[in-house]
Amino acid sequence: MTTNLTQRIFLSPPHMSPVDRTLLIEAFDSNWIAPCGPQVDAFEREFAEALDIPYAVALSSGTAALHLALLAAGVDSGDTVLTSTLTFVATANAIRYVGANPVFIDSDRSSWNMDPGLLETELKRLATLGQCPAAVVTVDILGQCADYERIAEICRRYGVPLIEDAAESLGATYGDQAAGTLGDIGCFSFNGNKIITTSGGGMLVTREKKIADYVRHLASQARRPVSHYEHEEIGFNYRLSGLLSAVGRGQLSVLTERVKQRRANFQFYHDALKELPGIEFMPEASFGYSTRWLTAMLVNPDQLGVTADDLRLALETENIEARRIWKPMHLQPVYADCRVCGGNVSDEFFEYGLCLPSGSSLTEEDRERVVKVILATVEQGLSKAA
Ligand SMILES: *Cc1c(COP(=O)(O)O)cnc(C)c1O
Numbered sequence: 036m037t038t039n040l041t042q043r044i045f046l047s048p049p050h051m052s053p054v055d056r057t058l059l060i061e062a063f064d065s066n067w068i069a070p071c072g073p074q075v076d077a078f079e080r081e082f083a084e085a086l087d088i089p090y091a092v093a094l095s096s097g098t099a100a101l102h103l104a105l106l107a108a109g110v111d112s113g114d115t116v117l118t119s120t121l122t123f124v125a126t127a128n129a130i131r132y133v134g135a136n137p138v139f140i141d142s143d144r145s146s147w148n149m150d151p152g153l154l155e156t157e158l159k160r161l162a163t164l165g166q167c168p169a170a171v172v173t174v175d176i177l178g179q180c181a182d183y184e185r186i187a188e189i190c191r192r193y194g195v196p197l198i199e200d201a202a203e204s205l206g207a208t209y210g211d212q213a214a215g216t217l218g219d220i221g222c223f224s225f226n227g228n229k230i231i232t233t234s235g236g237g238m239l240v241t242r243e244k245k246i247a248d249y250v251r252h253l254a255s256q257a258r259r260p261v262s263h264y265e266h267e268e269i270g271f272n273y274r275l276s277g278l279l280s281a282v283g284r285g286q287l288s289v290l291t292e293r294v295k296q297r298r299a300n301f302q303f304y305h306d307a308l309k310e311l312p313g314i315e316f317m318p319e320a321s322f323g324y325s326t327r328w329l330t331a332m333l334v335n336p337d338q339l340g341v342t343a344d345d346l347r348l349a350l351e352t353e354n355i356e357a358r359r360i361w362k363p364m365h366l367q368p369v370y371a372d373c374r375v376c377g378g379n380v381s382d383e384f385f386e387y388g389l390c391l392p393s394g395s396s397l398t399e400e401d402r403e404r405v406v407k408v409i410l411a412t413v414e415q416g417l418s419k420a421a
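Mapping of the sequence shown onto the working numbering: residues 36 to 421, in sequence order.
1) By the three-class DSSP mapping on this structure, what secondary structure does Glu315 have?
2) Give me the DSSP bridge partner(s) of Leu197.
3) Which residue's Cα is closest to the Cα of Thr163: Tyr193, Phe139, Ala100 and Tyr183?
4) Check whether the region 280 to 290 and the region 141 to 151 are in contact - that is, three or more C-beta pairs closer than 8 Å.
5) Any contact between the region 304 to 318 and the region 75 to 93? By contact I mean 3 or more CB pairs, one from each, below 8 Å.
6) To test your reading of the DSSP string, which unbroken beta strand (DSSP E) runs of 3 or more residues are found completely within the region 240 to 325?
7) Could you name the residues that DSSP lists as bridge partners for Pro89?
8) Would you please state the rounded distance, in angstroms, between the beta carbons of Gly215 and Phe223? I believe it to be under 8 Å.
9) Between Ala125 and ligand 1, is the CB less than 7 Å from at least one heavy atom?
10) Check whether the Cβ atoms of Val195 and Val171 sit closer than 8 Å, and answer yes or no.
11) Rounded to whole angstroms, what's the CA-CA distance from Ile44 to Lys229? Just pull it up for me.
12) Could you pull the DSSP bridge partners for Asn136 from this structure?
13) CB-CB under 7 Å to Ala247, same chain, minus the five flanking residues each way: which ones, in chain order?
14) Can we count Ala170 as close to ligand 1, meaning its CB is less than 7 Å from some heavy atom?
15) Of all the options Cys373, Leu59 and Ala129, which has the alpha carbon lying nearest to the alpha carbon of Ile140?
16) Given that a residue counts as buried once 16 or more other Cβ atoms are within 10 Å of its Cβ, and exposed if not, what is Pro73?
17) Answer yes or no: the CB of Ala202 versus the heavy atoms of ligand 1, is any distance below 7 Å?
18) Would you check if there are 3 or more beta carbon pairs closer than 8 Å linking the region 197 to 204 to the region 336 to 345?
19) By Cβ distance, which residues of its chain are closer than 6 Å to Leu417, with the 5 residues on each side in sequence left out?
20) How many Å lie between Glu79 and Thr326 at the Cα?
21) Who are the near neighbours of Val116 in its chain, counting only those whose CB is closer than 8 Å to its CB and skipping five residues on each side?
22) Quick one: is the Cβ of Thr98 within less than 7 Å of any heavy atom of ligand 1?
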């Protein structure tokens, strides 16, 4: 048997607190464990209040939220949906679930999110062809909002619904507005690696009662409100359980603290590594506040002497989990046949990018361990090159 004496540092592990445990046990003891009742209602109400938006619907995952958002926006089989190429695959998969075809838009360098200029050019091109897309799905990547002043204006001008995939950016802002509230519908995830977690879960938010009601209907097997089981359309079993809603309430109550802790990770890494040649951290765009859900940086191997993957492997040897940035959708075999607008910017993020351990429970010693490995690896790389 091998024993590793150093404790593994994970990329973004769950960070639970005693209040989550208390609420979970209270829910259990009250017998309101099913996906309805006071825990679910309270989680939805508290979430909507925290984001200053009228309606929130608790769902079983962020992917379920995206799927129902597309249906509620009226996206149909054969439609076109414009989305960011730099994202986790769930965004694009949801578009496929409704039978629509994604067109991928590259990132800009100031936010790493959807480039508004490329979006506008593509919308203009499609409108000229009489093929206006059924929706735009923006992604707020790694804790940072996209440029909504421009993107929302372009969508309004072309009359296209805007869905915001804010799965990675709960707690971020655009101006004084919460991430997830900038489009017609916002989607969140409470997967284990996100800034708050219910082990698994999601939330959909909107300003329109009609949308919230319809999403709730679809999420509960589209059962008509009559005394027997009556169904006029295909629904889904996508509601969040009472137990997990209780956990979500506890997690939500410490969100502000979690954002501060994630930002402190970023600040630590930034201060410790900023003098190294060839390291460039993900910028914080001028229009908003980033949660720094994951601390991400680009590594220029010609200047640094080692690649992003050299660093990842060196960290792994020391039982530290770092990850590359999402591989863009236009490079994924499963989406190889889809159209892409631009692509070089996100290609570059994928090739040179690295995400460092970013959990809100990281200790000062953990972060020092990470930095030490990086500095030692760079030093070795430089001496090898000399
Ligand atoms: C995590 C994530 C999702 C999916 O959320 P799940 O709750 O895991 O289904 C969707 N989009 C993005 C950008 C994500 O990071």
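Each residue gets a CB set at the ideal place from its N, CA and C atoms; glycine is no exception.
Looking at the atomic coordinates:
1) strand
2) Val171
3) Tyr193
4) Contact fails: fewer than three Cβ-Cβ distances are below 8 Å.
5) Touching, no.
6) The region 240 to 325 contains these whole beta strand (DSSP E) runs: 314 to 316.
7) Pro89 pairs with nothing; no bridge assigned.
8) 6 Å
9) yes
10) yes
11) 16 Å
12) Thr115
13) Tyr90, Val92 and Thr241
14) No, Cβ of Ala170 sits at least 7 Å from all heavy atoms of ligand 1.
15) The shortest C-alpha separation from Ile140 is found at Cys373.
16) exposed
17) yes
18) no
19) In its chain, beyond the 5 residues on either side, Gly340 have a beta carbon closer than 6 Å to the beta carbon of Leu417.
20) C-alpha separation (whole angstroms): 22 Å.
21) Leu105, Val110, Ile130, Ala135, Asn136, Pro137, Val138, Pro168, Ala169, Ala170, Val171 and Val172
22) yes
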